[in-house]
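Protein sequences, first through last, are from chains A and B. Converting from the first sequence to the working numbering requires adding 489 to each position, the first position being numbered 1. Converting from the second sequence to the working numbering requires adding 9 to each position, the first position being numbered 1. Here's the structure we're looking at; comments come further down.
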Amino acid sequence: MSIEVVYALLVIVGLILEWVIYSVEGDRSGGIVTIPLIAVYTLLYPSFGLLLWFIVSVCYIAAEIMYRGFLLYGRRLFLAVVAFCIVVTIPSMFLLGFERFFVISIVPGIVAYNIHYERRFSRTFMLTLAKYLTLLGLGYLLLNL
Amino acid sequence: MLRSIWMRFNYTRLLDSVRVRIAVNGVRGKSSLVVLLERLFRSRGFTTYGKVTGENPFSIKDGVFYPIPRMEGFPISLDENICEFYKYFPFDAMIVENQAITPYTIRVVNELLVKPHIIVVTNVRRDHGDSLGWDLRSVARSLGRGFSRASIVVCGEQRVELNSILERYARGVGALFDVVEVPEAVRGLPGVELVFIASRIMDRLGLDSMKPYEEGEALESILKHFTLRESSIGVSWFPGAKLNDIDSTSIVLKYMMDRYPSRGFMLVAYFRSDRPSRTISFTEFFDNIDLDRVGRIYLVGFGADYVYRRVKGRVREVSRILPDSTKSIEQIIQEARDTGYVIFTIGNQVNNFMRTLTAILEPGIEKTVTTIFKSN
């Protein structure tokens, strides 16, 4: 199965998972498009996937500092986190040789903001991780069909 | 720019120095509770600051009301809380109305801008359906998701199923959940729970309890709102449109019918194009009214025909759609004179039709403050 088809399927499954999580928990979990995207990149380049998660963590910490320390919230916080993410991600990609993937340099920032958006950090983070691992496993199976 | 950054950076430090911080959440009665609490804290020796939003936003510093200027056409920002805080700092007690209407921004006000020791939930009613949810349980969940870490959540809502939702969220932020008891006879009347909430807060903080005369005065100032108004043109009326949500409107209509058992009622509903959720919710309201006492229903405004198509049976029989015009107002008043029906307005108050009707029935009423409790 081609990677494009796998990505499309993961987006659909991710959408269903998001709907189930929202119905049961009332929370969002990382993003509808972004988590399948990270899962697909992880399938293709595992170390790049890990880098993205590391940047998500850094962006989340930055978001909380901007939120609590400088009272940034909502749209302004979102823009600030995405800008911070680009600043962190691009040099990291250069250093680690992933410069082809600039196109997703804002994705970790979006995921970090979505996690911040929910009240319960640990629960949201676990839900996001669970969704990611589910999609990763499914993607692995589909690619090896 | 630098000053703005410094103000934001320094805000939390100054906020932490305020001895008592209370965030007033909920759907109805927030402004009135802020005014009442500010007065109570002041009478117990605190220097106070209160902030009220809504139709007439104002800050209160030590009993003096200061209007908050709003620029027409500009969105209202939560940053307004920071600016007003700096204007009046320092003080010992801070009572702020949570003006936000989404779970996230409700949390921002609680967690960032007030950091309350006590979170108040005045009540759970249907309003802002597109952001808080369309049913009461969703509204309760949305309010709960906005809780921040606090010591106590004091709740005026009386429905057990809604309180169980709020309690779950209160426990999640490590707060004690404390529901006030409202006597059966006045339960559900808008604003009554506020007196008992204020009383409980005084007790919880170990301050002097509210004296019987304080409670009596506060209750009286609420109940006096639920009397018929006699206009100079010989029509009795009640401004139910100020109530906004269908739950409060139903309770007050029933209370007024019980209080004036010999009177028939005429409902005048106005619907606004920018409040479709409220219009939709009123179709449910019409299914549950006491038909024997309602002789006429007039539907006006955007969506009036939508509501008309959805009401059934006798409600449909007594309902009429009227155009949004002065002539319609004349027709309403003439019919009320001829039949002796009480005009009970519902739906939305802030529009030209209702303003004109209100101005004819009671000149000068538009100038009154929307809160129940006035400053001393």
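Virtual Cβ for every residue (Gly too), placed ideally from N, Cα, C.
- Residues of chain A with a Cβ closer than 8 Å to the Cβ of I352/B do not exist, since the nearest Cβ in that chain sits about 42 Å away.
- For P76/B, there is no enclosing alpha helix (DSSP H); the residue is part of the beta strand (DSSP E) that begins and ends at V73 to P76.
- When CB distances to chain B are screened at a threshold of 9 Å, the residues of the region 558–580 of chain A falling below it are G558, F559, L560, L561, Y562 and G563, in chain order.
- Using a 10 angstroms sphere on the CB of L11/B, the tally of other CB atoms stays under 16, which defines it as exposed.
- Boundaries of the beta strand (DSSP E) around W246/B: S245 to F247.
- Taking C-beta atoms under 8 Å as the contact rule, L141/B and I110/B qualify, at a distance of about 7 Å.
- No residue range can be given for Y562/A, since it is assigned to no beta strand (DSSP E) and is classified by DSSP as neither H nor E.
- For the set V73/B, M275/B, D136/B and Q340/B, the Cα lying nearest the Cα of I289/B is the one of D136/B.
- Straight-line spacing of the CA atoms in E507/A and V577/A works out to 28 Å.
- In terms of CA proximity to R284/B, F311/B leads the group F311/B, E293/B and E106/B.
- Here the alpha carbon of R158/B sits roughly 18 Å from the alpha carbon of Y562/A.
- Taking C-beta atoms under 8 Å as the contact rule, T613/A and I524/A fail to qualify, at a distance of about 12 Å.
- Of all residues in the region 602–626 of chain A, only Y606, R608 and R609 place a beta-carbon less than 8 Å from a beta-carbon of chain B.
- At a cut-off of 8 Å between beta-carbon atoms, G515/A makes contact with chain B.
- Each of R168/B, E170/B and F156/B was checked against the Cα of R180/B, and the nearest Cα belongs to F156/B.
- Every alpha helix (DSSP H) of 4 residues or more that sits fully in the region 545–619 of chain A is shown, in chain order, as 563–585 and 596–606.
- Taking CB atoms only, I14/B has a neighbour in chain A less than 8 Å away.
- Judged by DSSP in its simplified three-state form, I161/B adopts strand.
- For the pair D144/B and N65/B, the Cα-to-Cα distance works out to about 28 Å.
- Its Cα nearest to that of G165/B, the residue V195/B stands out among G138/B, G183/B, V195/B and D139/B.
- Distance between R134/B and Y496/A, taken at the CA atoms: about 43 Å.
- Annotated three-state conformation of S40/B is helix, per DSSP.
- DSSP places Y317/B in the helix class (H, G or I) of the three-state scheme.
- Beta bridge pairing from DSSP links M103/B with R30/B and Y58/B.
- For L11/B, no chain A residue has a Cβ inside 9 Å of its Cβ, as the nearest lies near 12 Å away.
- The contact set of Y20/B on chain A, defined by CB atoms closer than 8 Å, consists of L560 in chain order.
- Residue pairing by DSSP places A278/B opposite L308/B and I355/B in a beta bridge.
- Burial check for N90/B: the Cβ neighbour count within 10 Å reaches 16 or more, so the residue is buried.
- When Cβ-Cβ separations below 8 Å define contact, R17/B makes contact with chain A.
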